[in-house]
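Let me begin by presenting the structure, written as structure tokens, before commenting on it.
Numbering (our numbering), first residue to last: 77 to 233.
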């Protein structure tokens, strides 16, 4: 089977389907509910995220979203778009460059920089932006399933 497999919500790309420069994006408008729910799920109740009066006196002059909430949109790109379902997130380096606020639409993007077929690994440049402003920059390493290995397993079954 030499043709690429159809990407679905349950089947991501095989490493053989990926190429350097391949790109995927995911955009989401951050809401008040997202910030409150993220605070509750993580236990991070830092008042810069949840207390407007406190946050008004900070350098941000108001509440901001958690950096990791913004970064979690990168996980959505990698885990659901490219390489997609079935991949394993191995590592992520991040730099937070600017705040994100409720109402901001964040666009997360991943671009494949390197493919290491023998290890079933890829390296991606990862970014998150609000409009033209870069708010988060980094690099991720992913483990991706191999068509050759999947077909060999299926043949043995």
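Quick reminder that beta carbons are idealized off the backbone N, C-alpha and C, glycines included.
Below 8 Å CB to CB, which residues in the same chain sit around residue i once its five sequence neighbours on both sides are set aside?
| i | result |
| --- | --- |
| residue 79 | Any answer about residue 79 is weak, because its pLDDT of 49 lies below 50 and its placement is not dependable; what the coordinates show is given next. Around residue 79: no qualifying Cβ. |
| residue 138 | 128, 131, 132, 177 |
| residue 87 | 81, 160, 161, 162 |
| residue 77 | Any reading at residue 77 must be qualified, since the residue scores a pLDDT of 44, below 50, and its modelled position is unreliable; the value itself is stated next. Answer for residue 77: 223, 227, listed in chain order. |
According to DSSP, simplified to helix, strand and coil, what is residue i?
| i | result |
| --- | --- |
| residue 93 | helix |
| residue 116 | helix |
| residue 203 | strand |
| residue 130 | helix |
| residue 107 | coil |
| residue 88 | coil |
| residue 176 | coil |
| residue 138 | coil |
| residue 156 | helix |
| residue 220 | coil |
| residue 196 | coil |
Whose CA, out of the options, lies closest to the CA of residue i?
| i | options | result |
| --- | --- | --- |
| residue 237 | 175, 96, 203, 89 | Here the chain comprises residues numbered 77 to 233, so residue 237 is not present and cannot be evaluated. |
| residue 146 | 231, 97, 196, 115 | 115 |
| residue 97 | 200, 89, 120 | 200 |
| residue 188 | 215, 194, 175 | 215 |
| residue 207 | 191, 179, 193, 222 | 179 |
| residue 110 | 136, 148, 102 | 148 |
| residue 103 | 205, 217, 230 | 205 |
| residue 89 | 168, 228, 227, 223 | 223 |
| residue 120 | 144, 135, 107, 134 | 144 |
One question on the structure: do residue i and residue j come within less than 8 Å of each other, judged by their Cβ atoms?
| i | j | result |
| --- | --- | --- |
| residue 219 | residue 173 | no |
| residue 163 | residue 170 | no |
| residue 198 | residue 94 | yes |
| residue 117 | residue 140 | no |
| residue 217 | residue 91 | no |
How far does the beta strand (DSSP E) with residue i in it reach, from first residue to last?
| i | result |
| --- | --- |
| residue 225 | Careful: residue 225 lies outside any beta strand (DSSP E), inside the alpha helix (DSSP H) at 223-232. |
| residue 191 | 181-192 |
| residue 160 | Careful: residue 160 lies outside any beta strand (DSSP E) and carries neither H nor E. |
| residue 172 | 164-172 |
Excluding five sequence neighbours on each side, which residues of the same chain lie with their C-beta closer than 6 Å to the C-beta of residue i?
| i | result |
| --- | --- |
| residue 150 | 184, 202 |
| residue 100 | 153, 157, 158, 186 |
| residue 74 | The structure shown does not extend to residue 74, since the chain spans only 77 to 233, so no value can be given for it. |
| residue 105 | 181 |
In terms of residue numbering, what span does the alpha helix (DSSP H) encompassing residue i cover?
| i | result |
| --- | --- |
| residue 150 | 143-152 |
Would residue i pass as an interface residue toward chain D - the criterion being a Cβ-Cβ separation below 8 Å?
| i | result |
| --- | --- |
| residue 219 | This model lacks chain D altogether; it includes just one protein chain. |
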